[in-house]
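Chains as they are written, first to last, in our numbering: chain A, 1392 to 1824; chain B, 346 to 489.
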């Protein structure tokens, strides 16, 4: 029996959802025009007036906001509430070098935690569960977001934050944690450590995990699931919009339901900005319909994915987004070919390698080079150089057919690639362009 | 009755072999034979040691990837044609040699030993014995 946190919204009819979105959008738009001079100027400059926007169907007339706008207006320029009404900030990890700061009123925080409570409920959480939050706490939204949702549901919340892996495993076993929340790369590392300690899935009390904040492949999911004996759920979010919980996965595992009563999604052509019909692949754009302190209208996420309203077996009617291939920020252009780290991960896992890898891009004699560093595993090792070289060649061929590009594969010593406790550093781009 | 070789994966960069020998020295492991196969970016060290299981354990604990491989050890008399005789027997029995390496007689000094990697150790050993070649047992190999 599927459980929902807010069934009336999660299973609303399309008609009701559209009406709700329309009503929220119109008042949000007016409020932002009134209170955010930076945004008002941007809209006026684009030649759109307040009267041009009569319903949410007119949203396509409005200009986009991007990370550049956030940087230009840093820190207070997009604030729509006086600071006296704000209670919290969060900030991105700056993995792409551009730090974002977002503000929250108490209502913003409450609605955000409702979103993560929906995600936890979809992963099977009730007040009987013990939820270990191994996302970092602090400026990063991961820890706070899942912690808040877990409290809303009345779960026993274990705020271990990230790091100190053996202590994580001790808490997990001593308290019989049933649900764990962290980045997928840290989940893989936890699983690897548990295996080293000789723990089999039936000795690990976990039943589910909620993993997000970085791109990960389907193969990595299956690997984490079998190592820990759990069901692994994806979660999606951006600090700019609130944090994790913008979209979440249900047991069908075929995409994430967007909390579209709070975040209105569009898919656009990243080059022309044109809105694309449902089912097309393009860049995801969000409008926050409820955010008070830091409301973004038509914010470009740089995530490339597909939206779908196909009926879901879980009963939710919330529109689904396919797992993004990765942020377009993460996308590498190597010898003119678009490469997402997640594609490389898929090939590695299909060939039986672990999820510990590093991608090194360089430019030698004006040609881009791609070096994939993979750790040797006991399963892959033999005493025969030829056999190992053959496995290396298989991997090179696998990468070639996935990427359409020749990569070098370097086999490195076990544990020589640094394990991450938060977001993994998968790519080292040494090119100076 | 094959003897056991330890094969270890090493990255091809300065100091990796030294790291391994340090681990073995600290654990008091005595190496009796060693061969190194290398490619551009990795190498495999193959060793015959006094205590196979202890060696595999300390290497794994120190984070090395290693495996145990059955190999054939033979004593080669130090005379002209000594190795040729051994290879003649293998060739006649249609046994393919993947790789081999030599070891001096160690404590016994006079003879040379060869470590042979073949598909089927048992078949090779019985052919060699039938040809009058002295085949090493694990005990011999550990005590070289």
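We put the beta carbon where it would ideally sit given N, CA and C, even for glycine. No experiment lies behind these values; they were computed from the predicted model shown.
Beta-carbon gap between residue i and residue j smaller than 9 Å
| i | j | result |
| --- | --- | --- |
| residue 417 of chain B | residue 351 of chain B | no |
| residue 1730 of chain A | residue 1740 of chain A | no |
| residue 1439 of chain A | residue 1454 of chain A | yes |
| residue 1736 of chain A | residue 1608 of chain A | yes |
| residue 1768 of chain A | residue 1743 of chain A | yes |
| residue 1477 of chain A | residue 1470 of chain A | yes |
| residue 410 of chain B | residue 1804 of chain A | yes |
| residue 1703 of chain A | residue 1648 of chain A | yes |
| residue 1568 of chain A | residue 1596 of chain A | yes |
| residue 1536 of chain A | residue 1635 of chain A | yes |
| residue 1688 of chain A | residue 1411 of chain A | no |
| residue 1526 of chain A | residue 1810 of chain A | no |
| residue 389 of chain B | residue 1774 of chain A | yes |
| residue 1517 of chain A | residue 1545 of chain A | yes |
| residue 1713 of chain A | residue 1699 of chain A | yes |
| residue 1694 of chain A | residue 1668 of chain A | no |
| residue 1725 of chain A | residue 1761 of chain A | yes |
| residue 1677 of chain A | residue 1692 of chain A | yes |
Cβ-based burial, residue i [other Cβ within 10 Å; buried from 16]
| i | result |
| --- | --- |
| residue 392 of chain B | buried |
| residue 1784 of chain A | exposed |
| residue 1552 of chain A | buried |
| residue 1502 of chain A | buried |
| residue 472 of chain B | buried |
| residue 435 of chain B | buried |
| residue 1561 of chain A | exposed |
| residue 482 of chain B | exposed |
| residue 1745 of chain A | buried |
| residue 1611 of chain A | buried |
| residue 1493 of chain A | buried |
| residue 1392 of chain A | exposed |
| residue 1658 of chain A | buried |
| residue 1559 of chain A | buried |
| residue 1628 of chain A | buried |
| residue 441 of chain B | exposed |
Range covered by the beta strand (DSSP E) that runs through residue i
| i | result |
| --- | --- |
| residue 1413 of chain A | Unbroken run through residue 1413 of chain A is the alpha helix (DSSP H), 1405-1426; no beta strand (DSSP E). |
| residue 1820 of chain A | 1818-1820 |
| residue 1674 of chain A | 1672-1679 |
For residue i, the first and last residue of its enclosing alpha helix (DSSP H)
| i | result |
| --- | --- |
| residue 1611 of chain A | 1609-1619 |
| residue 1584 of chain A | 1575-1587 |
| residue 456 of chain B | Careful: residue 456 of chain B lies outside any alpha helix (DSSP H) and carries neither H nor E. |
| residue 1533 of chain A | 1532-1544 |
| residue 1635 of chain A | Taken as a continuous stretch (DSSP letters only), residue 1635 of chain A belongs to no alpha helix (DSSP H), being part of the beta strand (DSSP E) at 1634-1640. |
| residue 420 of chain B | Not the alpha helix (DSSP H): residue 420 of chain B falls in the beta strand (DSSP E), residues 411-421. |
| residue 428 of chain B | 427-437 |
| residue 1561 of chain A | 1556-1565 |
| residue 1771 of chain A | Element bounds for residue 1771 of chain A: n/a, residue is neither H nor E. |
| residue 1437 of chain A | Note, residue 1437 of chain A: premise wrong, no alpha helix (DSSP H); not H, not E. |
| residue 362 of chain B | 361-371 |
| residue 485 of chain B | 483-487 |
Helix, strand or coil at residue i according to DSSP, with G and I counted as helix
| i | result |
| --- | --- |
| residue 1793 of chain A | helix |
| residue 1786 of chain A | helix |
| residue 1649 of chain A | strand |
| residue 400 of chain B | helix |
| residue 1506 of chain A | helix |
| residue 475 of chain B | helix |
| residue 1472 of chain A | coil |
| residue 1667 of chain A | coil |
| residue 1760 of chain A | strand |
| residue 350 of chain B | strand |
| residue 1748 of chain A | strand |
| residue 1595 of chain A | coil |
| residue 1732 of chain A | helix |
| residue 1465 of chain A | coil |
| residue 1572 of chain A | strand |
| residue 1695 of chain A | strand |
| residue 1705 of chain A | coil |
| residue 1548 of chain A | strand |
| residue 1395 of chain A | coil |
| residue 1777 of chain A | helix |
| residue 1713 of chain A | coil |
- [ ] Could you tell me whether the stretch 1507-1527 of chain A touches the stretch 1623-1638 of chain A, using the rule of 3 or more Cβ pairs below 8 Å?
- [x] Below 8 Å, enough C-beta pairs join the stretch 1507-1527 of chain A and the stretch 1623-1638 of chain A to call them touching: three or more.
Open item on the list: Measuring CB atoms only, is the stretch 1811-1820 of chain A touching the stretch 1745-1765 of chain A, in the sense that at least three cross pairs come out at less than 8 Å?
Closed with: A contact exists between the stretch 1811-1820 of chain A and the stretch 1745-1765 of chain A.
Task: Contact between the stretch 1680-1689 of chain A and the stretch 1415-1432 of chain A (3+ Cβ pairs under 8 Å) - done: Contact between the stretch 1680-1689 of chain A and the stretch 1415-1432 of chain A is present, because at least three Cβ pairs lie under 8 Å.
Open item on the list: For the pair the stretch 1463-1482 of chain A and the stretch 1525-1540 of chain A, tell me if three or more CB-CB distances fall below 8 Å.
Closed with: Judged by Cβ distances under 8 Å, the stretch 1463-1482 of chain A makes contact with the stretch 1525-1540 of chain A, as three or more pairs qualify.
Open item on the list: Under 8 Å, with one C-beta from each stretch per pair, do the stretch 371-378 of chain B and the stretch 1782-1799 of chain A reach the 3-pair mark?
Closed with: Too few Cβ pairs lie closer than 8 Å, so no.
Task: the stretch 399-408 of chain B contacting the stretch 420-434 of chain B, beta-carbon criterion three pairs below 8 Å - done: The answer is no - the stretch 420-434 of chain B does not touch the stretch 399-408 of chain B, with fewer than three Cβ pairs under 8 Å.
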